[in-house]
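Scroll down for the structure; my scribbles are underneath it.
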Amino acid sequence: MIEIVNFINGRHIRATGEGNLFSVNPATEERIAHVNISSPVDVDTAVQAARAAYTQGPWPRMAVEERAAYLHMIADVLEDNLVLFAQHECEDTGFLSKMCLHGHLPRAIEHFHFFAEEGKRFFGDAIPVGDAYINFTHHAPLGVVAIMTPWNGPLAVSSINLAAALIAGNTVVLKPSELAPITVSLLGQIFEEVGLPEGVVNLVHGAGQPTGQALIQHPGIDLLCFIGGTQVGKEVLRYSANTVRRSLLELGGKSPTVVLADADIDAALDGALVSAFSSNGQVCTAGSRIIVEQPIAEAFSRRFIERTQHIRVGDPFDETSEIGPMISAVHRERMLEAIAQAQQAGASRSKPENRWAYTGRTPAGFLH
């Protein structure tokens, strides 16, 4: 079993929080990682390390080309270990192995390369306003950035925020989801390998209570970037208002697929199926609602249901699988509760409930 520890000030450190957390393989329900829970003291240590690296260290004072070189090196080491990271992400999230190997992990690598080059284009403006004066803009880092990321695509989502913060000269405290912490925790080894200055990136692990809350409430954070649920996002805004701290929130959403009567139905079906079920349907951009214009609603619904009956639900490491399991039993029960509420509101199920991922049957849907 993998042990997940913090990475603070360039060192791997056991957290001091009480209790135990385990990352569970959603496909087998096997415990695959033990997560050390970070206490508020651990979070404070990480924030202080990031602050010291910002105020006293070389990172914000480097030329952007030097910071870019580090980001390129991180991406290169990730690429050298692509298969290993993809395997861990598949085990940790239940996402299809082929999706991790050819989608999520290459995207993470791309993020580091992209921002490394984009950072070189931080151009300012100079505006003459008279003989004795000139107005100009200058880009400066914010300071210490806290990043809290979700379990669905943990490395890809973390990397886009991390790379953007780093290239601008900020230092970072990053807390990944406790449901899928493995690939983000392995970044600490990469930071060591490329010689990233101590304290520039600090990784803390644990659940929303106490770890996430301690990070949200910490007064030493200059910008908090949160990707997750609306309830926690509101809490982030409340505490940010108290200190006039900047916040950057991505709280998911519901993305409807709208099919009009004059649409190419075959193309619409293809798009709706990919949108609804790619990444196991567990991403904020998934087409979780399909709105079909009345004249073609019955025909579209019938053909959509027929198509779903051929989708193979199975082992995420099996190349023939098209959908893997939900991230956890808690999420599964939450989904079943939502389906029950929809039925009470008048929706009808298109096929019987199917809780087990490896029967080869397809997920249930419902129609209104």
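Taken in order, the sequence shown gives residues 1 to 368; the numbers are from UniProt numbering.
Cβ atoms here follow ideal geometry from the backbone N, Cα and C, with glycine treated the same way.
Buried or exposed by the 16-neighbour rule on C-beta atoms within 10 Å, applied to residue i
{"i": "F123", "result": "exposed"}
{"i": "L96", "result": "buried"}
{"i": "A357", "result": "Per-residue confidence for A357 stands at a pLDDT of 43, beneath the threshold of 50, marking its modelled position as unreliable; the derived number appears in the next sentence. Result: buried."}
{"i": "K175", "result": "buried"}
{"i": "Y133", "result": "exposed"}
{"i": "G195", "result": "exposed"}
{"i": "M1", "result": "exposed"}
{"i": "N280", "result": "buried"}
{"i": "P325", "result": "buried"}
{"i": "N161", "result": "buried"}
{"i": "V145", "result": "buried"}
{"i": "R302", "result": "exposed"}
{"i": "F136", "result": "exposed"}
{"i": "L260", "result": "exposed"}
{"i": "L273", "result": "buried"}
{"i": "P295", "result": "exposed"}
{"i": "F226", "result": "buried"}
{"i": "G212", "result": "buried"}
{"i": "R349", "result": "exposed"}
{"i": "T308", "result": "buried"}
{"i": "R121", "result": "exposed"}
Residue i at chain B interface by Cβ criterion, 8 Å
{"i": "H139", "result": "In the structure shown, chain B cannot be found, because there is only a single protein chain."}
7 Å CB neighbourhood of residue i in its chain, flanking five on each side removed
{"i": "H368", "result": "Unreliable placement is indicated for H368, whose pLDDT of 38 sits below 50; no coordinate value is reported for it."}
{"i": "L179", "result": "S23, W151, I327, S328"}
{"i": "K98", "result": "E319"}
{"i": "residue 427", "result": "The structure shown does not extend to residue 427, since the chain spans only 1 to 368, so no value can be given for it."}
{"i": "C284", "result": "G252, G253"}
{"i": "P60", "result": "Y54, P141, G169"}
Given residue i as reference, the closest of the options once Cα atoms are compared
{"i": "N9", "options": "N202, A126, V259", "result": "N202"}
{"i": "L21", "options": "R61, H34, E30, A126", "result": "H34"}
{"i": "M335", "options": "Q282, E319, E298", "result": "Q282"}
{"i": "A53", "options": "P197, R107, L84", "result": "P197"}
{"i": "T43", "options": "T230, S240, A214, A268", "result": "Per the sequence shown, the amino acid found at residue 43 is Val instead of Thr. The shortest C-alpha separation from V43 is found at A214."}
{"i": "E118", "options": "H104, L105, L78, A163", "result": "A163"}
{"i": "A263", "options": "V232, L248, A297, R238", "result": "A297"}
{"i": "P69", "options": "L166, F317, L269, V232", "result": "According to the sequence shown, residue 69 is Ala rather than Pro. Nearest of L166, F317, L269, V232 to A69, Cα basis: L166."}
{"i": "V80", "options": "F317, L249, I109, Q209", "result": "The residue you asked about is not Val; residue 80 is Asp in the sequence shown. Answer by Cα proximity: I109."}
Contacting residues, own chain, Cβ-Cβ under 6 Å from residue i (five flanking each side not counted)
{"i": "P101", "result": "The amino acid at residue 101 is misidentified as Pro; the sequence shows Leu. Excluding residues within five positions, the ones whose Cβ falls inside 6 Å are A86."}
{"i": "G228", "result": "P150"}
{"i": "L142", "result": "N170, D222, L223"}
{"i": "E29", "result": "none"}
{"i": "P26", "result": "G94, P325, I327"}
Neighbourhood of residue i by C-beta, 8 Å cutoff - its chain only, sequence neighbours within 5 removed
{"i": "P181", "result": "I4, S23, A33, V35, D92, P154, H205"}
Segments of 4+ residues assigned as alpha helix (DSSP H) that fall wholly inside the stretch 13-101: 40-55, 64-80, 82-93
Using 8 Å as the threshold, is the stretch 287-307 in touch with the stretch 105-124, meaning 3 or more CB pairs across them? no
Inside the stretch 117-158 only - beta strand (DSSP E) runs reaching at least 3 residues: 126-128, 134-136, 144-148
Three or more beta-carbon pairs under 8 Å between the stretch 37-55 and the stretch 1-20, yes or no? yes
Within the stretch 201-258, ranges of the beta strand (DSSP E) (whole runs, at least 3 residues): 201-203, 223-227, 246-250
Which residue spans inside the stretch 292-343 form an unbroken alpha helix (DSSP H) run of at least 4? Fully enclosed alpha helix (DSSP H) runs of 4 or longer: 294-308.
Cβ pair count under 8 Å reaching 3, the stretch 72-88 against the stretch 184-191: As far as the Cβ criterion goes, the stretch 72-88 touches the stretch 184-191, which means the pair count is three or higher.
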